[in-house]
Each structure stands twice: as C-alpha cells, then as structure tokens.
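Here the working numbering is used: position 94 in the sequence shown is 94, and no number is missing along the way. Below you'll find the structure, written out as structure tokens, and then a few comments.
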Amino acid sequence: VVNASQLPDSGFSGALVVVTGGLGFIGSNTVRRLHDAGATVRVVDSLVEGHGGDRRNLAGLSGLDIEVLVADIGDEAVGDYLEGVDVIFNLAGQVSHQASMRDPAKDMALNAMSHCRLLETLRRVNRRARVVHASTRQVYGRALRLPVDESHPANPIDVNGVAKLAGEQLHMVYAHAYEMALSSLRLTNVYGPRQHLLSDELGFLPVFFRRALTNQPIEIFGDGEQRRDCLFVDDVVDALFHATSDAAAGRVYNVGHDQDYSLAELAEIIVRRSASTGGLRLTPWPPEHQRIDIGSFRSDSSLIAAELGWKAQTNLVDGVDQTIEFYRANPWYLSSI
Ligand SMILES: NC(=O)c1ccc[n+]([C@@H]2O[C@H](COP(=O)([O-])OP(=O)(O)OC[C@H]3O[C@@H](n4cnc5c(N)ncnc54)[C@H](O)[C@@H]3O)[C@@H](O)[C@H]2O)c1
C-alpha cells in the first residue's frame, strides 16, 4: 500500500495500480515508472483513433505484471479492474483542441461523460483508491494575468477546455461528497519520449519535434511571440506520484515549469539541438487555430511545491536532448507504419 512518506517511487513497490490512457504518451511513461518501482499495473485504454494510444509504447516490458484492457473508462467492465486497486492514475482523455471544435460531443463524451461513469463505478466498487486525474491549463482560457495560479478564473475558450474542466470538477465533487482521495493536476504543455508525433493536432511541441527531426521547417503561426512553459514528461510522472499523498485529496494543482519561452525561442532550441536543416518560418494564423488561441501562458506551480513538495526538475535543453535521443533510437514514431 502506498505510504505518502515514502513517495514518490519506493511507495509503489507491491502496489496494485490502474493507469487509464496507459497506452498513450503520459500514460505509458507512467506505466514504465510504476513497473520499475515494483508495482503491478493494469492499463485501461480504448485506443482512440488518431490519438497517442499505441501498444508499442509499452514494448519491452515483461507482460507478466501488466494487464491491458482495451475499453472506454466508462464501460461497466472496467469495474472488475478497479476492485482492490490502491491507486488509479486517470490519464485517459482526448487532447486535441481542434478535434474538440469539429466534434464537440465526442470530446464531451471522452473527457467528461466517461469520467462521470468511471467515478460512479469507483464509488460503487472501490472508494478507498487514490485517484490522480490529468486536467489541463486549457481550463483557464486566455490568461488575465501571468503567471496563472489556481485562483485565476476558469474561462475555457474551446470545447476541450470545457470538457476537461467538467472531468476535473467531477473528481472534486466525488472527493468532497464521498470523502474519496481524488486529486487533479492542471498540466501545462508536455513533451518527451512516446508522444504521438504524426498528428498536427495534439499540441505544438510534437509537431515541432517531428518537423525538426525530419529536417522540415517548423511553422509558427503569427509572430511567434506567444510564451509557454513546457514540461518534460518525467517531471509529470513525478507530479502524478506526489499527488497520491494524503494532502492532495480533494485538491486541484497547477503543474508547470517556472521557465517560459516564446514559441520562436522553443522552435529555435529544438532546431539547434537536433541540428535540423529545416529551420523555422513564420506563417499567418489559420483561422481555425487563431479563434481558440490562448495567447501567452505561464503556470504558477507554487501551490503544489508548498503542499506536496513537487517542482519541475528538468530544464528545457536537457529535456529536448533526451527527447531527440529517444526518437533517433526509435524512428517508428516519425513514420506512419
Ligand atoms: N500532452 C499534453 O501536453 C497534455 C497537457 C495537458 C493535459 N494533458 C492530459 O493528459 C492526459 C494524457 O494525455 P497524453 O498527451 O498522454 O495523450 P495521448 O493521446 O497520448 O493519451 C491519451 C490516451 O487516452 C486514451 N483515451 C482517451 N479517452 C479515453 C477513454 N474515454 N477511455 C479509455 N481510454 C481513453 C487514448 O486512447 C490514449 O491512448 C489527457 O487526459 C490530457 O488531456 C496532456
């Protein structure tokens, strides 16, 4: 059983853990760390088309203590998987802002309704499990002030932001109404190994990496002056582990980096570190992107630092170097096979 005083990794030895979205980017990195820490891991993932879910993300792990259920987290059958589990990392979600505008009902189904069903199942079969949900900085919409702390109003400007906020707040309702140990982390832009690079719609960072690693120009919409803080995926897994502690129950935390960069600076760093011959170029805003752009954003993550002792450890250049090295060693992420 997880003991908060031993977190983050050692407390998972012998624990039974479910990772939803565990075939995706953040999920598969979480599964790997749990496996290394000695946990028994169950994955629930519906392999949503066009997203990051891929069985190859778990390649090389011994199959013995990792079970994979291909199902929506809202399915009844998931209940059997949740019984007796110590911790659930609830990372299932659809990430694309563009897709959420084209098919709002699907985004609401995946990010809100499925989570509603999962929580209801959990209340029935296992109220004692600790749950950490992945929310997003997208819930804030356009920042009124920077950096953005948790007291900033949530005014999402796209359907994805609305659906993720609903999913997050459902966790808080269940935490408070039923005294369940549920927390939610509002993640900023994440990058690193095992991200789906081939879509143009799962965030700008995977697109930047794909274009640099294939020597194509990185295209930046507008003047490239919008600023973002970016998180290396290992830091996200650390934050997820910290959020299983008692102090996190019923809490929502920002999880970001205290260093921000303009998109042009980010692109330049990725081009330079990968020695890409493609360079970068500025291009006019496509209207479907501009109407849901949030402008500059930087998270204030001092609450999680103060309450749970988490802080991002990886600086951008180190994270970019590790990311480039991973994709060079695993080139299938850059091809459509
Ligand atoms: N990547 C980022 O920059 C970022 C930023 C903020 C928040 N998040 C959140 O983190 C979580 C993981 O994102 P990711 O980048 O790893 O995405 P990803 O697409 O790589 O992984 C998400 C996984 O969830 C699965 N999934 C989606 N909806 C599901 C459902 N209802 N039932 C079962 N499986 C489902 C998909 O098949 C996929 O494998 C998401 O909830 C996302 O909203 C990600």
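Note that the Cβ used here is the ideal one computed from N, Cα and C, for glycine as well.
>> Can you tell me whether S5 is helix, strand or coil according to DSSP?
In response: Note that S5 has pLDDT 46, beneath the 50 cutoff, so the model's placement of it is unreliable and no number is given.
> Which residues share a DSSP beta bridge with N189?
Replying inline: C230
> Roughly how many whole angstroms lie between the Cα atoms of A154 and H176?
Replying inline: 20 Å
> Out of curiosity, what's the CA-to-CA distance linking A4 and D223?
Replying inline: Legend: pLDDT at A4 = 45, less than 50; position of this residue unreliable, value from coordinates given subsequently. Rounded to the nearest angstrom, the two C-alpha atoms are 45 Å apart.
>> So, for V339: in the same chain, excluding its five sequence neighbours on each side, which residues have a beta-carbon less than 7 Å away from its beta-carbon?
In response: Nothing can be reported for residue 339, as the shown portion of the chain is limited to 1 through 337.
> Which residue from R298, Q322, S335, T244 puts its Cα closest to that of W310?
Replying inline: T244
> L69 lies in the alpha helix (DSSP H); which residues open and close that run?
Replying inline: That residue, L69, is in no alpha helix (DSSP H); its beta strand (DSSP E) goes 66 to 70.
> By DSSP, does S28 sit in helix, in strand, or in coil?
Replying inline: helix
>> Mapping the DSSP letters down to three states, classify F297 as helix, strand or coil.
In response: coil
> Is F25 near ligand 1, with its Cβ less than 7 Å from a heavy atom?
Replying inline: With a threshold of 7 Å, the Cβ atom of F25 counts as near ligand 1, since some heavy atom of the ligand is closer than that.
>> If I follow the unbroken alpha helix (DSSP H) through Y333, where does it start and stop?
In response: Careful: Y333 lies outside any alpha helix (DSSP H) and carries neither H nor E.
> With DSSP run on the structure shown, which of helix, strand or coil describes T121?
Replying inline: T121 falls in the helix class under three-state DSSP.
> How many angstroms separate the CA atom of L165 from the CA atom of E150?
Replying inline: 13 Å
> So, helix, strand or coil for E325, using DSSP?
Replying inline: Annotated three-state conformation of E325 is helix, per DSSP.
> Would you say A71 and N111 are within 8 Å of each other, going by their C-beta atoms?
Replying inline: no
> How should Q259 be labelled, buried or exposed, when 16 other C-beta atoms within 10 angstroms of its C-beta is the threshold for buried?
Replying inline: exposed
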